[in-house]
RNA sequence: GGCGAGGUAGCUCAGUCGGUUAGAGCGCAGGCUUCAUAAGCCUGAAGUCGCGGGUUCGAGUCCCGCCCUCGCUACCA
């Protein structure tokens, strides 16, 4: 048994998440965790919302909502979206609500400082005296000092493409209040990433085995690593420890610094709730633990370079990531999913029409594993109708309804003299049988989903070949043997389904008359001739119903 | 501007260290079957692997140039 600590990138508590996030991070993480659990591994799954930062204070101020209330709302909103898709975590906390977070983040700051990885630097920034805040680049407008365009932003000029230094803007204005900001110097702490890279992390990255797309992403990153400021002049964030302020009171940790620490503080919180407050160390400081970060490609630099640097730089025996199965981006057919451009789906209407688990499955078959990929309603309808309804769902109903009608709804017996023949046919001649779990372990979720359907298809081929509807009249004993074998097969399919379609797998499990939770069963692997049957002849089947109703349209 | 990704059958995508007639699913065409959710099974058609050069015995796979699409550019996976 191996210990796996699985984290999913913390969603920002500043708006809804969408299928892009789900496909890139949370759904693969969920399938991974469910599969490992069935395989008997020790697994902990951590997530929660990232709740600090400028963007949150701005929007919360705009609508006049206190920050804690504002982020609580989005935390619930996001959590309920996960519930809808049956995506589960062992804990879903938040950086501002987690009691252990502030102390944990401050400890990081303290240790990194004591070990010489934090430097203090003085910079000049634009400051708005009306709003009493330093202005992040995008909140400044002005005239471009290169081309004279009056609509330059603080980061880029839309006309000439110049990368703007906000301090050089002609006639800068604060985008919030319209007043003119002033130059003001401020002192901040910087994380010395070049030093951390040279001492350890650079070599670690080079020696580590990464997913190909991850390696491609970080290769160039190492050449030019900047120090990054880890504090900000903000009102909403983890305060810099007072004893270390050294005349810079009022500073807060910059949100990117404290966010990944949330993985650790949420673990502490969970373990405290379970009454074992020291247990978190087993997860974070035991080299036997495999730390897996699920995230999108934009988060690769943080989780492959910055956060490992922080973990190592504390010299507190933290483990470093074992794998970072980052995905690319998932696009809506007409363009990017974007909350800011209103390119979202009406979720209530959507889920009224499409089964959440069917949607789960479609997304899994199109995950952006190797490159950006596309969500298409039309394709989804095809996948649901052909793959889930026609292949998998129909296999169950054609067998179980036939049994209900002709065999009194009980599992028919298999004649001993048919065992070899039936095993040979089902396990050898009806198509290739794969273990979806192997692909899940290797983060190939599309292949895993395809393998599940291929296995289901084997059952359909078997039924086609044995023709129990004809045998029933000519050789009822053989018909019974074939149907018995099909029931066994459906039982295996239900188990293979469980990580991908948890609720549907359970429904199928019950249709077979099986007891308990299918997710509690050990992972089935691949059936071996003569040793794969578990059902008892004569057992009563449940009520067969269509698992996946066909859906219309695609508009 | 910089960085990155991608352009392979009608559609969505695989193609590991360069190696025999380029793959899958869906869609499409033809046939078979009737237990089942107008579902199932079998067979088939379909690609000058963005364009032009180069390296090589051999390139979708490496190198150079060009065209096109898209993402990021420090608060959206």
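In our numbering, the protein residues as written are 3 to 557. Glycine is no exception: its CB is placed at the ideal position from the N, C-alpha and C atoms. Here the structure is a predicted model, which means the values were calculated and not measured.
Can you find the residues in the same chain that come closer than 6 Å, C-beta to C-beta, to residue 484, ignoring five residues on each side of it along the sequence?
Closer than 6 Å at Cβ, skipping near neighbours: 468, 470.
Check whether the region 480–498 and the region 527–539 touch, using three or more Cβ-Cβ pairs below 8 Å as the test.
Yes, since at least three Cβ pairs between the region 480–498 and the region 527–539 fall closer than 8 Å, the two stretches touch.
Residue 391 and residue 550 - do their beta-carbons sit closer together than 7 Å?
For residue 550 and residue 391, yes; Cβs fall inside 7 Å.
From what residue to what residue does the alpha helix (DSSP H) around residue 310 run?
Looking at the DSSP string, the run of the alpha helix (DSSP H) that includes residue 310 is 309–315.
Let's test the definition: count the other Cβ atoms within 10 Å of the Cβ of residue 169 and tell me whether it reaches 16, buried, or not, exposed.
With fewer than 16 other Cβ atoms within 10 Å, it is exposed.
To which residues of the same chain is residue 429 closer than 7 Å at the C-beta, ignoring the five residues directly before and after it?
Answer for residue 429: 435, 529, 531, listed in chain order.
To the nearest angstrom, how far is it from the Cα of residue 96 to the Cα of residue 329?
When rounded, the distance between both Cα atoms is 23 Å.
Using a Cβ-Cβ cut-off of 7 Å (strictly less than) and excluding sequence neighbours within five positions of residue 289, which residues of its own chain qualify?
The answer, listed in chain order, is 321.
Quick one: is residue 3 buried, meaning 16 or more other Cβ sit within 10 Å of its Cβ, or exposed?
Exposed.
Determine, using beta-carbon pairs with one atom in the region 58–77 and one in the region 34–41, whether at least three such pairs fall under 8 Å.
Short answer: they don't touch.
Please state the DSSP three-state secondary structure of residue 329.
Correct three-state label for residue 329: strand.
Is it right to say residue 10 is buried, meaning 16 or more other beta carbons lie within 10 angstroms of its own, or is it exposed?
Result: buried.
Look up residue 67 in the DSSP assignment and say whether it is helix, strand or coil.
Of the three classes helix, strand and coil, the one that applies to residue 67 here is coil, per DSSP.
In whole angstroms, give me the CA-to-CA distance for residue 25 and residue 525.
Roughly 24 Å separates the two Cα atoms.
Closer than 8 Å by C-beta to residue 80: which residues in its own chain qualify, once you throw out the five before and the five after it? Chain order, please.
The residues are 13, 15, 18, 19, 51.
Is it true that the CB of residue 282 sits closer than 7 Å to the CB of residue 269?
Contact: yes.
Could you please give me the residues that DSSP links to residue 241 through a beta bridge?
Beta-bridge pairing links residue 241 to 254.
Give, in chain order, every unbroken run of the alpha helix (DSSP H) that is at least 4 residues long and sits entirely within the region 46–111.
Taking only runs of at least 4 residues, the alpha helix (DSSP H) segments lying wholly in the region 46–111 are 56–64, 69–86.
Looking at the ligand PLP, does it come within less than 6 Å of residue 468, judged from the CB to the closest heavy atom?
The ligand PLP is not part of the structure shown, which contains no ligands of any sort.
Checking the sheet assignment: what are the DSSP bridge partners for residue 234?
Partner(s): 254.
Return the bridge partner residues of residue 383 from the DSSP annotation.
Paired residue(s): none; residue 383 is not in a bridge.
Look up residue 377 in the DSSP assignment and say whether it is helix, strand or coil.
If DSSP states are grouped into helix, strand and coil, residue 377 belongs with the strands.
Please look up how many angstroms separate the CB atoms of residue 84 and residue 312, rounded, as I've assumed it's under 8 Å.
The Cβ separation is near 27 Å, so there is no contact.
Let me know the secondary structure DSSP gives residue 136 once reduced to three states.
In this structure, residue 136 counts as strand in the three-state DSSP scheme.
Start and end of the beta strand (DSSP E) containing residue 122?
Note, residue 122: beta strand (DSSP E), 120–130.
Ignore the nearest five residues each way along the sequence and tell me which others in residue 102's own chain have a CB closer than 6 Å to its CB.
The residues are 267, 270, 271.
Would you decide whether residue 582 is buried or exposed? Buried here means 16 or more other CB atoms lie within 10 Å of its CB.
This structure gives no information on residue 582, because the portion of the chain shown stretches from 3 to 557.
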